[in-house]
Structures are given as C-alpha cells and as structure tokens.
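Residue numbers (our numbering): 1 to 215.
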C-alpha cells in the first residue's frame, strides 16, 4: 500500500500548488505559476516481492523509491538482535547506481543531472520539474528524458535467520529508518502480519504529521 499522504497544498519542483477537482472530476494540481498539471501524469513508485517456497527464493521488482527490506536475526547479536537488509536496487540519482546514471547520459542527451535530480533541459516545457528517481510507472512528463517504467529485478536466497520482508513506498521510508521498521514489525509480523502492516501505516502517518505537518 502506498502510504504517501495526499498533499492538498505545498511546493513541488519549485512550484506552489493546490490539489483540486477538475472540470471532469479528475484530481489535479493547480499552480498559479503554471498551467494545470495532472496528478496522474507524475506516475508512481512501486515494489513487489514474490516468494518461491520450494526454492527458498525471493524475487524483488521495483521502480522508484519504494523499498523491500529483509529483517533477519544476526549471527552474533549484541544489543540489537536484528538487521535490516535493503533488497532492491536504488533508482536515486544521488545513489551509487552508476549504470542508471550512465544510461541517462548516454541515451537522453537533453536531460540534465544536477544536485541529485533529473530534469529536462531549459528548452523543454517541463524544465520546471525535477525528479530524484530514474524509474517510475507512468511518468508522463519525464519519460522522454530517461524516466522509464522497466523495473529493477533482484533475487535473494533466504535461510532460517530471515524472518520478515517489509515492502513499502517512500511514504514509510521517508519518515522511518529501515532498522526501526524491522524492530517494530518483526515480533508482530510473526504473529499477525495484518496487524503489523496496520501498525506501520499508522507510524508512517504519524511520522508525516510530525515531520511535515501532513497525514
């Protein structure tokens, strides 16, 4: 579930905006500094985890800044008995994914990579918009500048020390550290996974209220 709260007013990509209903009932962002910008044209982040029980294998597919985090018991526990392992590849321009950055530079000459963000050059109608990710589902504005929907796919063999996987959007990870999430969820998840998920959603919403005044 994408727990990212829907912002009614704010600043995004350097533009002030408010969220309101359009003439045909669709929700869209309106900025006094720009023409109507449709919410759905900004795409979304996603992550999916498949578990093949007979093979004891996890398959993780992701696009954007959603994460799948594996919670495991440490072989030599100290004060912290668990560890959190991020399973998927980062799409962040600031990250160490040099292949992604090279792909953008090689195939999309009109794309600017600056200060950890991807944006179209000044001749584009979309030069006002920046994105820290190189992959997303359905990004109507920056797909011509290197933002693609093709997911990264990774595999991991698991063993008895691996206890739980938490897959969530940046609505959780922007306000909660992966290790804190694993410590909070791991006991509940082994007993009642549904309750553990509901607890993480509440933690995310509370975190957004505290950090950003939204939720």
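C-beta: ideal position from N, C-alpha, C; glycine also.
Quiz item: Which partner residues does residue 157 have in the DSSP bridge list?
Solution: Residue 157 is bridged to 57.
Quiz item: Under three-state DSSP, which class holds residue 162?
Solution: Residue 162: strand per DSSP, three-state reduction.
Exercise. Within 10 angstroms of the Cβ of residue 116, are there 16 or more other Cβ atoms? Answer buried if so, exposed if not.
Key: Exposed: under 16 other Cβ atoms inside 10 Å.
Practice problem: Determine, using beta-carbon pairs with one atom in the region 130-148 and one in the region 94-106, whether at least three such pairs fall under 8 Å. | Solution: Taking 8 Å as the limit for Cβ pairs, the verdict is that the region 94-106 does touch the region 130-148.
Quiz item: Any idea if residue 187 is buried or exposed, counting beta-carbon neighbours within 10 angstroms, 16 or more meaning buried?
Solution: Classification of residue 187: exposed, given that the 10 Å Cβ count is below 16.
Self-check item: Minimum C-alpha distance to residue 153 - residue among 72, 71, 73 and 91
Solution: Nearest C-alpha to residue 153: 91.
Quiz item: Which residues bound the alpha helix (DSSP H) around residue 201?
Solution: Element bounds for residue 201: 193-212.
Self-check item: Three CB pairs or more closer than 8 Å across the region 171-182 and the region 133-143
Solution: No, because fewer than three Cβ pairs between the region 171-182 and the region 133-143 fall closer than 8 Å, the two stretches do not touch.
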